[in-house]
Amino acid sequence: MSSLAAETLLTPEEYLALERKATVKSEYINGEILAMSGASLAPTRITADIVTELNNQLRGGECEVISNDMRVKTGPKGAYFYPDVVVFCGEPKVEDNVFDTLLNPTLVVEVLSPSIEAYDKGEKFRHYQELTSLREYILVSQDRVRVEHYRLAKTQWVQTELRRHEDVLSLNSIRCELPLQDIYRRVPEVIS
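In the numbering used here, the protein residues as written are -10 to 181.
So, in structure tokens, the structure goes:
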């Protein structure tokens, strides 16, 4: 989803100024801008179905789900990402009066592609862990039935993995459940 697009290091303020004028989205980490490529049909469907399921379950409650157009800032050094799915609870905390950068996600979902899987599991996750509000991080494979669920248990991140259509992902931080058959229902080519 992301690839290195520039070699000039920018401050977070410079990145935001450029990003707010840009016609395509870019992420930002350690002074570098990472251009985001477009998604294919499978991850787009998976993302839409997760948003739909969570929106139905969260309706009328204190938590809200949003899709990949909302930027999230991590930590004081200012890494900026566009997660595929974000849930925040309570009032949204934003970086400034432009209201386009969320600071308090409770749950983040990234739909993986083979080219960025290591990045999402590694460096990106380390940055997400700087968020004191984050309780769960979900990685969803687009080419096979596989969901990695990281949840914060006191001070440690605990990982579980789901690999069967019959499995159900329990999201305790937002009191929701996502059956994997619902996540992958419109992607019949995905293998178990």
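Glycine is no exception: its CB is placed at the ideal position from the N, C-alpha and C atoms.
The model shown is predicted, which means the values in this text are computed figures rather than measured ones.
DSSP-derived helix/strand/coil call for residue i
i, result
"residue 33", "helix"
"residue 162", "helix"
"residue 28", "coil"
"residue 108", "helix"
"residue 115", "helix"
Backbone CA spacing between residue i and residue j [nearest angstrom]
i, j, result
"residue 77", "residue 118", "15 Å"
"residue 11", "residue 142", "38 Å"
"residue 82", "residue 65", "15 Å"
"residue 97", "residue 144", "18 Å"
"residue 157", "residue 171", "9 Å"
"residue 89", "residue 2", "14 Å"
"residue 166", "residue 48", "14 Å"
"residue 107", "residue 116", "14 Å"
"residue 91", "residue 146", "22 Å"
Outcome for residue i when other beta-carbon atoms lying within 10 angstroms are tallied against a minimum of 16
i, result
"residue 153", "exposed"
"residue -9", "Bear in mind that the predicted position of residue -9 carries a pLDDT of just 45, short of 50, making it unreliable; the figure below should be weighed with that in mind. Per the 10 Å Cβ criterion, buried."
"residue 101", "buried"
"residue 29", "exposed"
"residue 120", "buried"
"residue 9", "exposed"
Pair within 8 Å by beta-carbon distance, residue i and residue j
i, j, result
"residue 168", "residue 132", "no"
"residue 187", "residue 52", "Any question about residue 187 goes unanswered here, given that the chain covers just -10 to 181."
"residue 134", "residue 179", "yes"
"residue 130", "residue 94", "no"
"residue 150", "residue 137", "yes"
Rounded Cβ spacing between residue i and residue j (contact assumed at less than 8 Å)
i, j, result
"residue 23", "residue 16", "4 Å"
"residue 69", "residue 62", "5 Å"
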